[in-house]
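Undergrad:
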Amino acid sequence: MADYHVTLESAWIVKDVKTVDDAIGIAISEAGKRLNPTAKFVEVEIGATSCPNCEEELNNALMVANTALVGLTLDMKVFKAESEQHAERIAKATIGKALREIPLQVVEVIEI
Numbered sequence: 019m020a021d022y023h024v025t026l027e028s029a030w031i032v033k034d035v036k037t038v039d040d041a042i043g044i045a046i047s048e049a050g051k052r053l054n055p056t057a058k059f060v061e062v063e064i065g066a067t068s069c070p071n072c073e074e075e076l077n078n079a080l081m082v083a084n085t086a087l088v089g090l091t092l093d094m095k096v097f098k099a100e101s102e103q104h105a106e107r108i109a110k111a112t113i114g115k116a117l118r119e120i121p122l123q124v125v126e127v128i129e130i
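Going by my numbering, the sequence shown opens with residue 19, and the numbers climb by one from there.
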């Protein structure tokens, strides 16, 4: 059995916002509130995407008509998992329980 660091990404919709920075702050805050009672050990951060032309890091947020789609990364350590796939399932189940109806996708799993 091994320990793993699992990174998931999620898509968070924020309505009635004026700026992208406000949307990012609200998305991180709302995710943190939902995770706090049961999964407070999960780290929530804004996701990043590389520009295809200049390879500069860009925030994972898009705003149209005062509605934003914010990409968040959720990091979690999983202890004593049988395999990488087992660690993925544990992380998705733990985080998914707190963030119901929020899409989650595994980005990477690293053995620690």
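Quick reminder that beta carbons are idealized off the backbone N, C-alpha and C, glycines included.
How many angstroms separate the CA atom of L87 from the CA atom of V24?
TA: The residue given as residue 87 occupies position 69 in the sequence shown. The residue given as residue 24 occupies position 6 in the sequence shown. About 23 Å.
Undergrad: Tell me, to the nearest whole angstrom, how far the beta carbon of I113 is from that of A57; I am working on the premise that it is less than 8 Å.
TA: Translated into positions along the sequence shown, residue 113 becomes position 95. Translated into positions along the sequence shown, residue 57 becomes position 39. At roughly 6 Å, the Cβ-Cβ gap stays under 8 Å, so I113 and A57 are in contact.
Undergrad: Which residue or residues does DSSP assign as beta-bridge partners of G1?
TA: Here the chain has residues from 19 to 130 only, and residue 1 is not among them.
Undergrad: Between the Cα of G89 and those of K51, D21 and Q123, spot the shortest distance and give me the residue it belongs to.
TA: As a first step, residue 89 must be located in the sequence shown, where it is residue number 71. For the residues K51, D21 and Q123, the minimum Cα distance to G89 belongs to Q123.
Undergrad: Out of E27, V35 and L26, which has the shortest C-alpha to C-alpha gap to M81?
TA: Taking the first residue of the sequence shown as position 1, residue 81 is located at position 63. For the residues E27, V35 and L26, the minimum Cα distance to M81 belongs to V35.
Undergrad: Could you say which of C69, V62 and E100 lies nearest to E27 if we only look at CA atoms?
TA: Start at 1 with the first residue of the sequence shown, and residue 27 comes out as number 9. It is V62 whose Cα lies nearest to the Cα of E27.
Undergrad: Quick one: is A83 buried, meaning 16 or more other Cβ sit within 10 Å of its Cβ, or exposed?
TA: Sequence index remark: in the sequence shown, residue 83 carries index 65 (1-based). Answer is exposed; the Cβ neighbour count stays below 16.
Undergrad: Buried or exposed for L76, going by 16 or more other Cβ atoms inside 10 Å?
TA: To locate residue 76, count along the sequence shown from 1; it is residue 58. Exposed.
Undergrad: Which of the three DSSP states, helix, strand or coil, is assigned to A105?
TA: Here residue 105 refers to the residue found at position 87 of the sequence shown. Three-state result, A105: helix.
Undergrad: Please state if the CB of K98 and the CB of A45 are separated by a distance shorter than 9 Å.
TA: Stepping through the sequence shown from its first residue, residue 45 is reached at position 27. Stepping through the sequence shown from its first residue, residue 98 is reached at position 80. Their beta carbons are not under 9 Å apart, which means A45 does not touch K98 by this criterion.
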